[in-house]
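Top to bottom, those sequences are chains A and B. Read in order, the letters of the first sequence correspond to residues 1 to 130 in UniProt numbering. Read in order, the letters of the second sequence correspond to residues 1 to 130 in UniProt numbering. We put the beta carbon where it would ideally sit given N, CA and C, even for glycine. These notes are about the structure you will find just below.
There are 2 protein chains.
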Amino acid sequence: MPTRADEQTWTIAQVAEEFGITHRTVRHYEDLGLISPERHGTKRLYRRRDRTRLQLILRGKRLGFPLDQIRTIIDLYDAPRGKRSQLQYVLDQIDDRRTDLEQRRRDLDDALTELDRFEDRCREDLARIT
Amino acid sequence: MPTRADEQTWTIAQVAEEFGITHRTVRHYEDLGLISPERHGTKRLYRRRDRTRLQLILRGKRLGFPLDQIRTIIDLYDAPRGKRSQLQYVLDQIDDRRTDLEQRRRDLDDALTELDRFEDRCREDLARIT
DNA sequence: GTCCTCCTTGACGTTGACGTAAACGTAAAG
DNA sequence: CTTTACGTTTACGTCAACGTCAAGGAGGAC
């Protein structure tokens, strides 16, 4: 892994601030195994990799996934793919995940379509009143 | 409203079964004011309108919205639009809502794009192994 | 009648996702 | 050296979204 020790690091307060969450939330994600920052003595050190994972976590949350499901998802990106069987497993997981995401996109598109039609009706009403 | 009394109705067990949820969940939604079925004496009677709202609720849940937010959303579709100011309020709400949904769609598209790229990498690995 | 089944209203329990407060370590600033 | 600003663990609190009894009503089947 190209993780140089001299790479930039952040404290828990800095990442919390940057992502608009509390340090308690960051630690909660660590408790659940979603991130595992290095320690410098007793203090946590966050690197680019941890921030990437945090990005993924927060996007997963915006999409309404529970945290344990988010963990299995982002862990998938780091899963071993050396053996053929391992690769096949990862590919299967990718498929499951895509099915889920595409269902959500259908729901989302439906919701947006309905919203548009509703807006049209409202605008017609408005024209009638004016 | 064209709600005829002879229209088809369902019991709580029937709607629960049909939507794949428990009667407790249905009642919970009623407690929060998301649906308000008629009563025939003491028993609940669900009509088409209630089932439509249930559809919307469950889709909202699949999209990760909290229940109280779902309520304000589906209530919007029944909000009064007689006066000009009321209509304008509804149109503003529609805009807020669309902004939210479009953000979610961006997140969703990003997630799907990343997933596709990851699958490509995995398939390359697989080809290399084979 | 009396089962049986489905319905009702409480009310307490549980799980996820944190908030919050206590009690303490540490390292630079004055 | 003490203060101040962070950091740490441990632990209990909270809120949403239900689950899970408990105790009982109402109407058909027999």
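If you check the CB distance, B/Arg62 and B/Leu32 do not come in under 8 Å. Contact note: B/Gly64 reaches chain A through Lys61, Arg62, Leu63, Gly64, Phe65 and Arg104, using a C-beta cutoff of 9 Å and chain order. B/His40 is bridged by DSSP to B/Lys43.
Within chain B, the C-beta atoms nearer than 9 Å to that of A/Tyr77 come from Glu114 and Phe118, in chain order. B/Arg123 counts as exposed, since fewer than 16 other beta carbons sit within 10 angstroms of its beta carbon. Residue contact with chain A for B/Arg98: present (Cβ-Cβ distance below 8 Å to some residue of chain A). Secondary structure within the UniProt domain "HTH merR-type" (9 to 76) of chain A: the beta strand (DSSP E) runs of 3 or more consecutive residues, fully enclosed, are 38 to 40 and 43 to 45 (chain order).
A/Ile74 has a beta carbon lying at 8 Å or more from every beta carbon in chain B. Interface criterion met: the Cβ of A/Ile94 is under 8 Å from a Cβ in chain B. Interface residue (Cβ-Cβ distance to chain B less than 8 Å): A/Leu108 is classified as such.
Comparing C-alpha distances from A/Tyr77 to each of B/Leu91, B/Arg53 and B/Glu114 shows the shortest one belongs to B/Glu114.
According to the DSSP assignment, B/Thr113 belongs to the alpha helix (DSSP H) that extends over Arg84 to Ile129.
Closest in alpha carbon position to B/Arg47, among B/Pro37, B/Gln55, B/Gly41 and B/Leu56, is B/Pro37. For B/Asp68, the nearest beta carbon of chain A is not closer than 8 Å to its own beta carbon. The beta carbon of A/Ile94 sits closer than 8 Å to the beta carbons of Leu76 from its chain, once the five residues preceding and following it are set aside; these are given in chain order. Taking the Cα positions, B/Arg117 is about 27 Å away from B/Thr99. The residue among B/Trp10, B/Ala16 and B/Ala79 with its C-alpha nearest the C-alpha of B/His40 is B/Trp10. If the five residues before and after A/Leu56 are omitted, its C-beta is found closer than 6 Å to the C-beta atoms of Ile74, all from its own chain and listed in chain order. Distance between B/Tyr29 and A/Asp107, taken at the CA atoms: about 20 Å. Look at the segment 14 to 41 of chain A: it has no residue with a C-beta under 8 Å from a C-beta of chain B.
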